[in-house]
Each structure stands twice: as C-alpha cells, then as structure tokens.
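Under the numbering used here, the sequence shown is numbered contiguously, ending at residue 1418.
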Amino acid sequence: MIKIAAVSYINTLPFIYGIKNSGFLNKKEYQIQTFYPSLCTEAFYHRHADIVLLPIGSFQQFPDDIIITSYCISSHQHVKSVLMVGNEPIEKIKKIWLDYQSTTSVKLLQILLKHHWNKNVELLAAKAGYEQQISGETGGLIIGDRAMELSHHFAYTYDLSYEWWKLTKLPFVFACWAKTTPISEDFLSRFEKSLQWGIEHKELSLSLYKETLKEHYLRYLNENIIYTFDEYCKSGLIKFFELLQF
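Below, the structure written as structure tokens:
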C-alpha cells in the first residue's frame, strides 16, 4: 500500500479530493493522511510516507530527482495565507515569532529580511497560541488557514509571496509532490491524473470540506494558488535556493 502525506490546509483540498474521488486510484492501494507542513517534512525525512506534499524549504538545492508530478502549491503574487503580521510597520519590528507549523515560510521570511527589507530582527521559536504574543514591536509569521482568519486582527500585514514577487518578479513555490521510495510508473501516472481531476473540481472539494465562506475560499483557490509546476515556477524555485545560500 502506498502511503501519502499531504498538507492539511485548504489550498490542498483539490489534491485530496482528486486522490479520493477521481476514480484513477483504487482505495485499497493507498492510504492518505494530512499534516501541517513541518510534520510533512518529518514524514519525508523519517520515511513515514512514500509520497509527500513536501515543503520546498526542506531542501538546500533543487530536488529535481525526487519531484514526481507537474503539480505544486505556489503563488504568482499574493497568496494571502503566508503573512508577517504586527501592530507596527516592518521598519519598527524588532522580534518575530516563527510559526511552528512552518518550514518553507520561515526560510522565505529570512530571505526577505536580508535581501528585501535589509533588516536584522530576533527570530523566536513559537508554540501553539503564540498569536496572542504578537504586540508592540514584536511581529509574527502566520501561515495556512489561520493566516487568512487572523489577518484582520493586526494593523499591518505583509504577504510574503507578494514581497517575494516585488524582490524577484518570480512566483514562489511552497510545496511539491516528492517520493521517498521507488514508485511504479503506472501508479505515478494515475496519481498525476487524480491531482489534475481534483484541480478541475475545486468547488466540489470545498463543498465536501468547507461549506462556510465557500465563495471566499473558492476565490482564494482560483486567484491566489497556482497548481501547475511549470518552467516559470521552476525559475522561482531556483532563485529561492540561490538566495538561500547567502
């Protein structure tokens, strides 16, 4: 049985819906679980799953040999679900809480602090509930569904994908599908078809999992999340690894 680990955020629902409902995969041949991104990284490195929707910040260089599909989680400008927030502008921020659910977004923030904002701040490892400690000159990195839900609670919000675009004029890739073990070409072909089917049925994926604010989240999936891992996205990913080295 193929074990699959996927991210547990709304932006992954089309993938999960396609895997479960497209008909390309037999339910007896796979098992799927969802985790927040940093736990998907653990599932990859500890080989708890055969296929992982892997945060790209888990690597130090382009992982071309293990990426298995032409689909990803990325954004060309605003993503709305990866935010640096605070009650003071970035110029006055001295400390930032780092989301414990994050891997890639922490590295993206570090790149932006160095190359975009030219700013040194104290980065703090956070635990659940840290959002309540964001005040004064202390900001916070918040990712995923929580970022969209909490953004209006703060005077200042910085969309890290958009800040990346202002720095590089390139898309930002947050996660790609990767393998930890050899997978048959037959399964990979059907797996990719299931992902494509799910992307084509985004609205149905939301109907199954998220009835509240359905139109809001459908707009998010259609306008802010890019699922195709094309050459444009690859160029953004390569740039990320370049800047990560300095």
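Where is the CB? At the ideal position from N, CA and C, for every residue including glycine.
Keep in mind that this is a model prediction, so the values were computed, not measured.
Sequence-distant Cβ neighbours of residue 1327 in its own chain, meaning closer than 8 Å and more than five residues away, are 1258, 1259, 1260. The alpha-carbon of residue 1195 is positioned some 27 Å away from that of residue 1396. Put simply, the region 1232-1252 touches the region 1404-1414. At least three CB pairs are less than 8 Å apart. According to DSSP, residue pairing for residue 1363 in a beta bridge does not occur.
Residue pairing by DSSP places residue 1269 opposite 1296, 1312 in a beta bridge. About 36 Å separates the beta carbons of residue 1222 and residue 1341, which is beyond the 8 Å limit, so they are not a contact pair. Residue 1273 is positioned such that its CB atom lies no closer than 8 Å to that of residue 1308. The beta-bridge partner set that DSSP reports for residue 1227 consists of 1347. Residue environment analysis places residue 1380 among the exposed positions, since fewer than 16 neighbouring C-beta atoms fall within 10 angstroms of its C-beta. Here residue 1376 carries a helix assignment [DSSP, helix/strand/coil]. Residue 1280 holds the alpha-carbon nearest to the alpha-carbon of residue 1232 among 1280, 1389, 1336, 1262. Restricting attention to 1190, 1276, 1305, the CA atom closest to the CA of residue 1226 is found in 1276. Contact between residue 1188 and residue 1174 is absent: CB atoms are separated by about 15 Å, not below the 8 Å threshold. The secondary-structure analysis by DSSP pairs residue 1173 with nothing; it has no beta-bridge partner.
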